[in-house]
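Enquirer:
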Amino acid sequence: MLGLQALSEGDYAAAGQHFEKHALSGGERAPREAAAGQALADTLSQYPIEEDSSTADEVTDRAMLIDLVLALIAGLQQQVAELSAENTALAVDLEKREEALKRLRELTLGQPEA
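Counting from 1 along the sequence shown, just add 78 to a position and that's the residue number in this note's numbering.
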C-alpha cells in the first residue's frame, strides 16, 4: 500500500522502492503486483500531470491514483491520435513517391510497368 500512496503523491522514486520491497516480501502474488506497480510508476513518471493543489488534500489516495491514470490515458489517447495522423500523412507521401518512381521507370526503360 505504501507504493500506491507514493504514486498518488507523485513520488515515483519512492513508489519504485516500495514496489521492490513488496516483490521481495515473499507473497505468491507479490512479484507480479510489484511489477505492475513499477510499470505504472515508470509510465506515470514519463507523463507530467498537473495537480490541482487546492483539492489535493480533499481526495483520497485511491481517487488521486485514479485521476492520475485517467490523465495518463487521455495523454496516451492524444499521442495515438497524433501518431495516426502522422501515419496517414506518411502513407500518402509513400503512395506519391511510389507513383513517381513508377513514372521514372517508365521514362527510363521506355515501357509501362505492369
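Note that the Cβ used here is the ideal one computed from N, Cα and C, for glycine as well. Treat the numbers as computed from the prediction; the structure is a model and nothing was measured.
Under 8 Å, do residue 82 and residue 154 count as touching if we go by C-beta distance?
Expert: Here the question's residue 82 lines up with position 4 in the sequence shown. Here the question's residue 154 lines up with position 76 in the sequence shown. Contact: no.
Enquirer: Can you give, in chain order, each stretch of the alpha helix (DSSP H) that sits fully within the stretch 120–189 and has at least 4 residues?
Expert: For the stretch 120–189, whole alpha helix (DSSP H) runs of length 4 or above, ordered along the chain, are 131–134, 139–187.
Enquirer: Can you tell me whether residue 132 is buried or exposed? The criterion is at least 16 other CB atoms within 10 Å of its CB, across all chains shown.
Expert: By 1-based counting over the sequence shown, the position of residue 132 is 54. Only weak support exists for where residue 132 lies, its pLDDT of 48 falling under 50; the coordinates are left without a value.
Enquirer: At which residues does the alpha helix (DSSP H) containing residue 87 begin and terminate?
Expert: In the sequence shown, the residue the question calls residue 87 occupies position 9. Where residue 87 is concerned, there is no enclosing alpha helix (DSSP H), given that its DSSP letter is neither H nor E.
Enquirer: Note down, in chain order, each residue of its chain lying with its Cβ closer than 8 Å to the Cβ of residue 172, except the 5 sequence neighbours on either side.
Expert: For this step, residue 172 is matched to residue 94 along the sequence shown. None.
Enquirer: Report yes or no: do the stretch 159–172 and the stretch 111–121 share at least 3 C-beta pairs separated by less than 8 Å?
Expert: They do not touch, by the three-pair rule.
Enquirer: In this structure, how does DSSP classify residue 94 when only helix, strand and coil are distinguished?
Expert: In the sequence shown, counting from the first residue as 1, residue 94 sits at position 16. Residue state, collapsed to three classes: helix.
Enquirer: So what's residue 82 in DSSP terms, helix, strand or just coil?
Expert: The residue given as residue 82 occupies position 4 in the sequence shown. Residue 82 falls in the helix class under three-state DSSP.
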